[in-house]
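**Q** To start, I am sharing the structure in question, which I have written as structure tokens.
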Amino acid sequence: MRVARSLFLSLLALVALHTQHETKAETFAGSKTSSEIFVYMRVDPAAAQAQLPKGWTLHPWTKGAWAGANLMLIFSDAHGVFDAERKAVRDAGFLRLWVITWGHSDAVKWRIFVTHDFATDGIASGRGTDRTIAEIRRHMSRESIGSDHPRIAEAWQVESDAGRLSFDLTYHAVRARFSKQTARVTNPKQPEGPRQIRRIEQLS
């Protein structure tokens, strides 16, 4: 198991794919600022494969420190969520847990699937996944002494009808790095349907 800790500014767009004419149309859906923890895991391949739709094959991560991972958890604490007109649509402190895996088909080389979406309310998910209402708690503490790197401890608890998950993490904050990336996310129940694009500005 490997962990990545980041602060994100995400710009969300919904993409409609029109195979017949080989064209793509994007609609800006909104943005958010959040703190997120990425947990890359290597689980039983049969269990990860079961999360994918028919016709898709599990495709573990192949590069870098995450090589071999076939499942990812994203713990997310939103500081601000905004609609397409830049208006705030919810208060800060909206907690979520996403379960992610990756797959390929005969026609598609690689695709990201959000297989589960646990959240503290039932507002429709921008990713199109079926959202599960959950009791989610996050506790974070920070200790700074002089010029030493701050020591940060986090504890998450997620509980729903599906079960209970606890996750604890302690780390030292070091010099942050800024990067940009783009992720295209698919609903496993609609693998050929619209996908969501996340254009991410990341401080990690």
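Reminder that position 141 of the sequence shown reads as 140 in numbering that gives the first Met the number 0, one-by-one numbering, no gaps.
All C-beta atoms, glycine included, are put in the ideal place defined by N, C-alpha and C.
Because the structure is a prediction, the values reported are computed rather than measured.
Between which two residues does the alpha helix (DSSP H) carrying A47 extend?
**A** As a first step, residue 47 is located in the sequence shown; it is residue number 48 there, counting from the start. Element bounds for A47: 44-48.
**Q** Is it buried or exposed for E153, if we count other Cβ within 10 angstroms and need 16 for buried?
**A** Here the question's residue 153 lines up with position 154 in the sequence shown. With 16 or more Cβ atoms within 10 Å of its Cβ, E153 is classed as buried.
**Q** Please report the straight-line C-alpha distance between Q201 and D43, rounded to a whole angstrom.
**A** The count along the sequence shown starts at 1 and reaches residue 201 at position 202. The count along the sequence shown starts at 1 and reaches residue 43 at position 44. Distance between the alpha carbons of Q201 and D43: 30 Å.
**Q** Give the DSSP-derived three-state secondary structure of R183 in the structure shown.
**A** As a working mapping, residue 183 is identified with position 184 in the sequence shown. Correct three-state label for R183: strand.
**Q** Decide yes or no for the touch test of the region 102-121 against the region 47-62: beta carbon pairs closer than 8 Å, at least 3 of them.
**A** yes
**Q** Under the rule that 16 or more other beta-carbon atoms within 10 Å means buried, what is F177, buried or exposed?
**A** Working through the sequence shown from its first residue, we reach residue 177 at position 178. Classification of F177: exposed, given that the 10 Å Cβ count is below 16.
**Q** Determine the contact status of S75 and E134, defining contact as a CB-CB distance below 7 Å.
**A** Position 76 of the sequence shown holds residue 75. Position 135 of the sequence shown holds residue 134. No, they are not a contact pair.
**Q** To the nearest whole angstrom, what separates the beta carbons of A118 and R130, a pair I think is in contact under 8 Å?
**A** Counting from 1 along the sequence shown, the entry for residue 118 is found at position 119. Counting from 1 along the sequence shown, the entry for residue 130 is found at position 131. The Cβ separation is near 5 Å, so the contact holds.
**Q** So K31 and V98 are in contact, right, with Cβ under 8 Å, and what is the actual spacing, rounded?
**A** Residue 31 sits at position 32 when you count from the first residue of the sequence shown. Residue 98 sits at position 99 when you count from the first residue of the sequence shown. Not confirmed; about 19 Å, so no contact.
**Q** How long is the line joining the alpha carbons of R198 and K179, rounded to whole angstroms?
**A** Walking along the sequence shown from the start, residue 198 turns up at place 199. Walking along the sequence shown from the start, residue 179 turns up at place 180. Using only the alpha carbons, I get a separation of about 7 Å.
**Q** Identify every run of the beta strand (DSSP E) within the region 64-124, keeping only runs that are complete inside it and at least 3 residues long; order them along the chain.
**A** 70-81, 87-89, 93-103, 110-118
**Q** For the candidate residues D167, S165, W60, whose alpha-carbon lies nearest to that of F112?
**A** Taking the sequence shown and counting its residues from 1, the one referred to as residue 112 is at position 113. Considering only alpha carbons, the answer is W60.
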